[in-house]
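Numbers 43 to 161, taken from the working numbering, label the letters of the sequence shown in order. Don't be surprised by glycine CBs; every beta carbon is placed ideally from N, CA and C. Worksheet for the structure shown next.
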Amino acid sequence: MSVETIMLSGLRLQCLCGALPEEQNRRQPYEFDIEMTADVAATESDVLDDTIDYGKVLDRVEAVTENEAFQLFERMAARVAAAILEDERIRSVTVEVRKLRPPAAQDLASSGIRLTRSQ
């Protein structure tokens with residue numbers, strides 16, 4: 043097997059995440075980029091079962107953001123990373139979360155975090 047990096051970019055979800063009281067009661071737009079290093083044989087076999095199922099990864103991300111509420115996007119990113127690492131073939135994951143249109147006095151397009159976790 044070989045270790046490869048698999049990237050999923052631009053996943054947009056409505057999340058219940060924010061420190062301000064008005065943010066805790068309504069879902070807001072967030073964007074996720076995910077990079078996973080994994081032991082996969084698909085580069086040699088060209089067989090779908092030999093790679094990471096992107097749909098399952100995205101379902102895990104969505105489950106975290108649908109079923110949990112957060113004050114900080116740092117914690118949300120850590121929970122998403124932990125959910126992705128439930129697949130034992132994934133050695134490490136980098137999760138980038140961007141809060142689109144954060145509440146700021148300045149014209150700020152997004153704020154975010156990038157974190158990496160490993161097995």
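{"query": "Relative to the C-alpha of P145, which candidate in E65, A84, Q56 has its C-alpha closest?", "result": "E65"}
{"query": "Which parts of the segment 57-132 are runs of the alpha helix (DSSP H), unbroken and 4 residues or longer, counting only runs that do not cross its ends?", "result": "84-87, 96-109, 115-126"}
{"query": "Is the distance from the Cβ of A119 to the Cβ of L90 below 7 Å?", "result": "no"}
{"query": "Could you spell out the range, first to last residue, of the beta strand (DSSP E) harbouring R143?", "result": "Looking at the DSSP string, R143 is not in any beta strand (DSSP E), and its letter there is neither H nor E."}
{"query": "Across which residues does DSSP place S153 in a beta bridge pair?", "result": "K141"}
{"query": "Return the bridge partner residues of S134 from the DSSP annotation.", "result": "T79, S160"}
{"query": "Quick one, are the C-beta atoms of L142 and S153 less than 7 Å apart?", "result": "no"}
{"query": "Since I believe V106 is in contact with N74 (beta carbons under 8 Å), could you give me their beta-carbon distance rounded to a whole number of angstroms?", "result": "Sequence check: residue 74 is Phe here, not Asn. Wrong, their Cβ atoms sit about 10 Å apart, outside the cutoff."}
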